[in-house]
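Enquirer:
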Amino acid sequence: MDLFFAKQINLISFFYTALSHRSLSALRTLLSYYEKVTGPHQRITFRERGFTLLNEAARRGYLEVVEFLLNNQPRYANIHEGDYTGCTAIAAASDLYSTRYIEAFNWQPSVDKSEAVMNLLLDWGACPTDVVVRAHQDSLWKPETVLSMVSEWAGAEMIERLVGGGADVHAQFTKDSLQLRLYDEQDHIVHNVAAIHMASFRGNFIALETLLSHHGDAMSAMEMVSYPTVRSRGGNMTGYNKTGPCTITVLSVHTLLSL
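Just so we're aligned: 187 in UniProt numbering is position 187 of the sequence shown, and the numbers increase by one with no gaps anywhere.
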């Protein structure tokens, strides 16, 4: 292997280590050195290496690292850039338990820290309507929204801010059993899920109440909770009325999976 290329790989791994250990001083030093390697006018990104600095900091709730990177756009970060999971920075921050990421969860999740990061990102122009755009996604798979992920854990203030910024409380998306952390039901895919179902599934009743208050004139509260349908990966339907949408009031997606 070329010696210069080997040194580059080593250096990149140092960036990830510094960030994952929340060492802003180490990250600053590495970025300053790397600028001398790449040149002063080239944007520094590691997306092709499997991670983006801003998204990694955002999903961990590292507020001071996120703030540093935002202050150094576009040199070190792009607030709208998607990572290998299809998440932008705000989507990464809204996935409290990092369910889409390969790396084992090795830090303590914090609602307060994640909300602080999300508020900062929104202040900087992050889009409340962002969705998770997965590579090679099946055409039947509807992308999940920032609002739906936040509804699993956030309070009323954050949900109101997202809805006020244009997030659609009725947007439907697809989840699979692994994303729901239902490891004994690995062959199911849940279609037509909305934010309200995730709030109820996680027992976040503050979010549930807040979302219900936004059902609007076009849809009743009952209709709002009546859409999820579940299929096995083989295509068989469960918990589904073949003449129309499921009409069960869903307080837990797991209830559907067990029908």
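Ideal Cβ placement from N, Cα and C applies to all residues, glycine included.
Considering only residues of the same chain and omitting the five flanking positions on each side of Leu96, which have a CB-CB separation below 8 Å?
Expert: For the purposes of this step, residue 96 is taken as residue 96 along the sequence shown, with counting starting at 1. Cβ within range, chain order: Pro109, Val111, Ser114, Met149, Glu152 and Trp153.
Enquirer: Helix, strand or coil for Val150, going by three-state DSSP, please let me know.
Expert: Taking the first residue of the sequence shown as 1, we reach residue 150 at position 150. DSSP places Val150 in helix when its eight states are reduced to three.
Enquirer: Spell out a yes or no on whether the segment 75 to 90 and the segment 52 to 64 are touching, meaning 3 or more CB-CB pairs, one atom from each, closer than 8 Å.
Expert: yes
Enquirer: Which term fits Glu209, buried or exposed, when burial requires 16 or more other beta carbons within 10 angstroms of its beta carbon?
Expert: On the sequence shown, residue 209 is found 209 positions in, with the first residue counted as 1. Counting Cβ neighbours within 10 Å, Glu209 comes out exposed, since fewer than 16 surround it.
Enquirer: Looking at Tyr76: is its Cβ nearer than 8 Å to the Cβ of Leu31?
Expert: Taking the sequence shown and counting its residues from 1, the one referred to as residue 76 is at position 76. Taking the sequence shown and counting its residues from 1, the one referred to as residue 31 is at position 31. Yes, the Cβ-Cβ distance between Tyr76 and Leu31 is below 8 Å.
Enquirer: The alpha helix (DSSP H) with Asn192 in it runs from where to where?
Expert: Within the sequence shown, the letter at position 192 stands for residue 192. Premise fails: Asn192 lies in the beta strand (DSSP E), His188 to Val193, not in any alpha helix (DSSP H).
Enquirer: With 8 Å as the threshold, decide whether the Cβ of His21 is near any Cβ in chain E.
Expert: The structure shown contains no chain E; it holds only a single protein chain.
Enquirer: Thinking Leu19 and Val65 are a contact (beta carbons under 8 Å), I'd like their distance in whole angstroms, please.
Expert: As a working mapping, residue 19 is identified with position 19 in the sequence shown. As a working mapping, residue 65 is identified with position 65 in the sequence shown. Sure, about 7 Å apart at Cβ, within 8 Å.
Enquirer: Per DSSP, Asp130 forms a beta bridge with which residues?
Expert: On the sequence shown, position 130 is the one that residue 130 refers to. BP columns for Asp130 are empty, so no partner.
Enquirer: What is the residue span of the alpha helix (DSSP H) that Phe68 lies within?
Expert: The residue given as residue 68 occupies position 68 in the sequence shown. For Phe68, the enclosing alpha helix (DSSP H) stretches over residues Leu63 to Asn71.
Enquirer: Secondary structure at Lys142, three-state DSSP: helix, strand or coil?
Expert: By one-based count along the sequence shown, residue 142 stands at place 142. If DSSP states are grouped into helix, strand and coil, Lys142 belongs with coil.
Enquirer: Whole angstroms are fine: how far does the CA of Thr174 sit from the CA of Trp141?
Expert: Against the sequence shown, residue 141 aligns to sequence position 141. Against the sequence shown, residue 174 aligns to sequence position 174. Rounded to the nearest angstrom, the two C-alpha atoms are 6 Å apart.
Enquirer: Which residue's Cα is closest to the Cα of Gln172: His21, Ala156, Leu147 and His188?
Expert: Taking the first residue of the sequence shown as 1, we reach residue 172 at position 172. For Gln172, the nearest C-alpha among the options comes from Leu147.
Enquirer: In angstroms with no decimal places, state the Cα-to-Cα distance between Ala26 and Arg202.
Expert: On the sequence shown, residue 26 is found 26 positions in, with the first residue counted as 1. On the sequence shown, residue 202 is found 202 positions in, with the first residue counted as 1. Cα-Cα distance, rounded: 37 Å.
Enquirer: Please say whether Val131 and Leu63 have beta carbons closer to each other than 8 Å?
Expert: For the purposes of this step, residue 63 is taken as the residue at position 63 of the sequence shown. For the purposes of this step, residue 131 is taken as the residue at position 131 of the sequence shown. Cβ atoms of Leu63 and Val131: not closer than 8 Å.
Enquirer: From Ala156, Ser94 and Ile102, pick the residue whose C-alpha is nearest to that of Cys127; which is it?
Expert: For the purposes of this step, residue 127 is identified with residue 127 of the sequence shown, where counting begins at 1. Looking at the Cα atoms, Ser94 is the closest of the given residues.
Enquirer: Distance check for Asn192 and Gly235, CA to CA, integer angstroms please.
Expert: Translated into positions along the sequence shown, residue 235 becomes position 235. Translated into positions along the sequence shown, residue 192 becomes position 192. A caution first: Gly235 carries a pLDDT of 49, below 50, which makes its placement in the model unreliable, though a value can still be read off. Their backbone Cα atoms lie some 15 Å apart in a straight line.
Enquirer: State the DSSP-derived secondary structure class of Asp123, mapped to helix, strand or coil.
Expert: Taking the sequence shown and counting its residues from 1, one reaches residue 123 at position 123. Here Asp123 sits in helix by DSSP.
Enquirer: Can you say whether Met237 is buried or exposed, counting buried as having 16 or more other CB atoms within 10 angstroms of its CB?
Expert: Start at 1 with the first residue of the sequence shown, and residue 237 comes out as number 237. Unreliable placement is indicated for Met237, whose pLDDT of 42 sits below 50; no coordinate value is reported for it.
Enquirer: Applying the criterion that 16 or more other CB atoms from any shown protein chain within 10 Å of the CB defines a buried residue, is Asn71 buried or exposed?
Expert: Sequence index remark: in the sequence shown, residue 71 carries index 71 (1-based). Per the 10 Å Cβ criterion, exposed.
Enquirer: With distances taken between CB atoms, is the gap from Ala194 to His170 smaller than 8 Å?
Expert: Working through the sequence shown from its first residue, we reach residue 194 at position 194. Working through the sequence shown from its first residue, we reach residue 170 at position 170. It is a contact, given that the beta carbons lie within the stated cut-off.
Enquirer: What does DSSP give as the partner residues of Phe173 in its beta bridges?
Expert: Within the sequence shown, residue 173 is the residue found at index 173, counting from 1. Val193.
Enquirer: Per DSSP, what kind of secondary structure is Phe46 in: helix, strand or coil?
Expert: The residue labelled residue 46 in the question sits at position 46 within the sequence shown. Reduced to three states, the DSSP call for Phe46 is coil.
Enquirer: Can you name, in chain order, every residue of its own chain whose Cβ lies under 6 Å from the Cβ of Arg22, other than the five neighbours on each side?
Expert: Mapped onto the sequence shown, residue 22 falls at position 22. Excluding sequence neighbours, Arg22 sits near Tyr62.
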